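For reference, the structure is listed below as structure tokens.
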Ligand code: FAD
Ligand code: NAD
């Protein structure tokens, strides 16, 4: 079943031809070619009849959908409504109907192991089986665990969190040269920056952040793979595909052995931090005490820090590990801001103030180009969705509290179509302390929606701009809406007394909690 026309796809010699030899094909009606099918899937038509909802399907429910005009089939735990596809199926309707209302995984494995049915049928996805009906013979067992990604029934029940998102799962398949690990997050609109993958010494560690939970696939692979791999996030279906390249073209009997916390799904706050060593690529002065550091991720890491989140940097100082949080920024305010699309950037930039009597920053500053610093997975509770409908965005930053504002500002200017105004009030001690002052001024000239005001707490006598600490008069003059009922959002970050006082004043000025995000530890 689910064969594809041999004329155009798969290409001659492609792996996808391996299993389709010797199978008869039925003549397709005009307008029912693969290209016609692709056009239909891209038309935006509701092909499941569920208006985009993804549901959990029980065996009883699956069985009910066994007619040509209402035909659901389960393949590797996912259920598809294949009725719209019937006339496009080169193997014919009768072949598809053999699996109507049932689990077609074994049938599929016999005939179509290599076909990328997931992308062909992604718009037909109805949902996921509540429990996978069958486990195929070829699957590999390790103790009681089934390393095809599905847990035995009893474990599924026990492992499900009482509240929060549904328990994700994973599966894998292979071609002659590649192994693809698929994570089914069971969440629509999963972002490309929600998955972090590290490949080290033939151990695969893939972490998917799903709402405030974290799903981990952690496996010692059964065979060697190449260092480079690709990650694809199919956002609307909530599926993550990690494509590893085999070192040798041999068939794998199983994916590998489970490692610590493999196949766990726990609240993010309970998941420990995972670090990888990154190389220092450059270090440049930005002010008299603040530098821009650039580190390079290892080639075997896939990581993108979401807007408004931070990472932890770790250094070993005379045997002790020191860890501090830092907020990545883009390389400059004036460069184009790229949506977190894949493949992710290989470089992470930081603006870091060096405190001569500090614990961590002097050590960081002593690193030479080519030295290593450990970088954790991202953390933080800022959500870009907060910026979606905003018309007036106000940013209040003090000192290096400017760092989270960089990507928030760039994201809003690039992607928030409703945005009319972004204003930054930037508090510093002196003019010399202002980070990226000329870039901010250039950006204000370049983009009419953006304005910046500097406020100094210890200015020189030549300063004729605003002075003082955060105060009600300063804020009430600054926080003027562009229209009376504008949708507003305020971000604030700086030394804790600054942030606390700012939030108190914002409440005084009648901003609601929903309209404020305070960046804190
Ligand atoms: P510390 O040892 O923490 O000392 C800092 C200063 O405080 C020194 O002058 C020290 O003398 C003084 N000090 C220390 N202890 C005391 C005390 N008990 N009483 C009085 N003074 C004291 N910083 C950045 O530069 N860039 C960033 O992008 C960034 N992002 C951050 C993100 C988050 C979420 C958070 C919470 C902080 C962030 N920081 C950032 C701050 C950063 O984490 C460190 O706190 C900072 O770099 C100082 O670290 P340190 O160990 O060098 O200094
Ligand atoms: P700084 O000492 O240079 O002070 C900058 C300005 O903050 C001052 O000019 C003043 O206007 C204001 N300020 C300082 N102390 C204040 C107080 N007690 N009350 C009111 N206003 C005050 O700042 P810095 O050395 O650059 O420190 C930046 C701070 O921002 C650090 O505490 C750092 O941890 C924090 N930070 C937090 C995040 C985050 O995401 N949570 C990110 C970056 C930086």
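Residue numbers (my numbering): 34 to 554. No residue lacks a Cβ here, since even glycine has one placed at the ideal position from N, Cα and C. Quick caveat: nothing in here was measured; it's all calculated off a predicted structure.
Provide the residue span of the alpha helix (DSSP H) that contains residue i, from first to last.
i, result
"residue 71", "67–75"
"residue 399", "394–399"
"residue 440", "436–448"
"residue 130", "126–130"
"residue 472", "470–479"
"residue 511", "505–511"
Given a cut-off of 8 Å, decide if residue j and residue i are closer than it, judged by their beta-carbon atoms.
i, j, result
"residue 344", "residue 359", "yes"
"residue 381", "residue 328", "yes"
"residue 483", "residue 461", "no"
"residue 392", "residue 355", "yes"
"residue 80", "residue 156", "yes"
"residue 298", "residue 277", "no"
"residue 214", "residue 250", "yes"
"residue 515", "residue 443", "no"
"residue 524", "residue 532", "no"
"residue 528", "residue 432", "yes"
Could you tell me if the beta carbon of residue i falls within a distance shorter than 7 Å of some heavy atom in ligand 2?
i, result
"residue 526", "yes"
"residue 395", "no"
"residue 386", "yes"
"residue 490", "yes"
"residue 502", "yes"
DSSP has residue i in a bridge; who is on the other side?
i, result
"residue 405", "312"
"residue 162", "90"
"residue 371", "Partner(s): none; residue 371 has no beta bridge."
"residue 291", "252"
"residue 323", "386"
"residue 366", "Answer is none; residue 366 lacks a bridge partner."
Does DSSP put residue i in a helix, in a strand, or in coil?
i, result
"residue 465", "helix"
"residue 540", "helix"
"residue 37", "Confidence at residue 37 is low in this model, with a pLDDT of 30, below 50, so the placement of that residue is unreliable and no value is reported for it."
"residue 283", "coil"
"residue 140", "helix"
"residue 489", "strand"
"residue 358", "strand"
"residue 546", "helix"
"residue 411", "coil"
"residue 417", "helix"
"residue 339", "coil"
"residue 531", "helix"
"residue 117", "helix"
"residue 85", "coil"
"residue 301", "helix"
Is residue i near ligand 1, judged by its Cβ being under 7 Å from some heavy atom?
i, result
"residue 477", "no"
"residue 299", "no"
"residue 433", "yes"
"residue 339", "no"
"residue 392", "yes"
"residue 554", "yes"
"residue 307", "no"
"residue 358", "yes"
Considering residue i, what are the terminal residues of the beta strand (DSSP E) in which it resides?
i, result
"residue 133", "Segment: none, residue 133 is in no beta strand (DSSP E) and carries neither H nor E."
"residue 237", "236–243"
"residue 266", "258–267"
"residue 200", "Run containing residue 200: none; DSSP gives neither H nor E here."
"residue 552", "Counting along the chain, residue 552 falls outside any beta strand (DSSP E), and DSSP gives it neither H nor E."
"residue 229", "228–233"
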